[in-house]
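Novice: This structure is in structure tokens; I'll ask about it shortly.
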Amino acid sequence: MAKLRIGVLASGRGTNLQAIIDAVETGEVEAEIAVVVSNRPRALALQRAMCHNIPSVVIRQPDYPGRVEHQVAIAGLLREKGVGLVVLAGFDRILVPEFVRQFPFRVINIHPSLLPAFAGGLHAQAEALSYGVKVTGCTVHFSTEEVDAGPIILQAAVPVLDDDTVESLSARILEQEHKLLPLAIQLIAEGAVEVAGRRTIVTRSQRGD
Ligand code: GAR
Numbered sequence: 201m202a203k204l205r206i207g208v209l210a211s212g213r214g215t216n217l218q219a220i221i222d223a224v225e226t227g228e229v230e231a232e233i234a235v236v237v238s239n240r241p242r243a244l245a246l247q248r249a250m251c252h253n254i255p256s257v258v259i260r261q262p263d264y265p266g267r268v269e270h271q272v273a274i275a276g277l278l279r280e281k282g283v284g285l286v287v288l289a290g291f292d293r294i295l296v297p298e299f300v301r302q303f304p305f306r307v308i309n310i311h312p313s314l315l316p317a318f319a320g321g322l323h324a325q326a327e328a329l330s331y332g333v334k335v336t337g338c339t340v341h342f343s344t345e346e347v348d349a350g351p352i353i354l355q356a357a358v359p360v361l362d363d364d365t366v367e368s369l370s371a372r373i374l375e376q377e378h379k380l381l382p383l384a385i386q387l388i389a390e391g392a393v394e395v396a397g398r399r400t401i402v403t404r405s406q407r408g409d
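Pasting the structure below:
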């Protein structure tokens, strides 16, 4: 069977992209990274792609009349590359419906909180800390037209310690992100994730047995 072709959208340092690259290279994730797209020309994610001979493309929003045109251009490229799963790995734009509708339940996002807590922004770790929760974590979910509200695929919990800073908490969450996102991709590649209303059903053990 042909390998699932994934397109990764990343705006920043790309450590989640790196986790996917590593998991593909070890065979832990049976998929192919068809393309990495960034809206930021200086994103470290682009260099990570280049180092592993993965095609990468910069598509900047200011080069388009607006958000919709920008994202329609990204969607066009992903289709051209035969992408069957779009992975948002630190992509700093809110998706427009014109994008999401082109890939129904074929876009996943990683968010650094236990959704639905601390949804909708780029500072979930700081929000968790200032709210005073004792447990936070990360979530991989399908992206739908509503921000951070699509069916949840996997979550990992992380304790918040009394002496945590945003940096220490973010690092603890990130460690889990790097496991969770490749695992979610592998489960989807295996056809082991079913969407049932607003829930998902994962039809194999996450430990591989
Ligand atoms: C990650 O922590 C990811 O969960 C977060 O951005 C970071 C990207 O790091 N995403 C969001 O906050 C989405 N709302 P990375 O560039 O090192 O993968």
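Position in the sequence shown (first residue = 1) + 200 = our numbering. For every residue, glycine included, the Cβ atom is placed at its ideal position computed from N, Cα and C.
1) Where do the ends of the alpha helix (DSSP H) carrying residue 376 lie?
2) Would residue 366 pass as a contact of residue 336 if the rule is Cβ separation under 8 Å?
3) DSSP on residue 270, reduced to helix/strand/coil?
4) What whole-angstrom Cβ distance do residue 381 and residue 253 have, given they're in contact under 8 Å?
5) Whose CA, out of 220, 300, 218, lies closest to the CA of residue 413?
6) Is it true that the CB of residue 339 sits closer than 8 Å to the CB of residue 355?
7) Does residue 261 come out as helix, strand or coil in the three-state DSSP assignment?
8) If you check the beta carbons only, do residue 210 and residue 303 fall under 8 Å apart?
9) Which two residues bound the contiguous beta strand (DSSP E) that contains residue 285?
10) Can you tell me where the beta strand (DSSP E) with residue 359 in it begins and where it stops?
11) Within the same chain, show all residues whose beta-carbon is closer than 8 Å to that of residue 316, passing over the 5 residues directly before and after it, in chain order.
12) In whole angstroms, what is the alpha-carbon distance linking residue 296 and residue 274?
13) Considering Cα atoms alone, identify which of 261, 352, 277 is closest to residue 305.
14) Of the residues 341, 376, 378, which one's Cα is nearest the Cα of residue 393?
15) Sort 234, 384, 312 by Cα distance to residue 280 and report the nearest one.
16) Return yes when the C-beta of residue 312 is under 7 Å from any heavy atom of the ligand GAR, and no when it is not.
17) When every heavy atom of the ligand GAR is checked, does at least one fall within less than 7 Å of the C-beta of residue 207?
18) Below 7 Å, is the gap between the Cβ of residue 216 and the nearest heavy atom of the ligand GAR?
Specialist: In short:
1) 366-389
2) no
3) helix
4) Actually they do not touch by this definition, with Cβ atoms about 21 Å apart.
5) No statement about residue 413 is possible, as the shown extent of the chain runs from 201 to 409 and does not include it.
6) yes
7) helix
8) no
9) Start and end: 285-288.
10) 352-359
11) 348, 349
12) 12 Å
13) The option with the nearest alpha carbon to residue 305 is 352.
14) 341
15) 234
16) yes
17) no
18) yes
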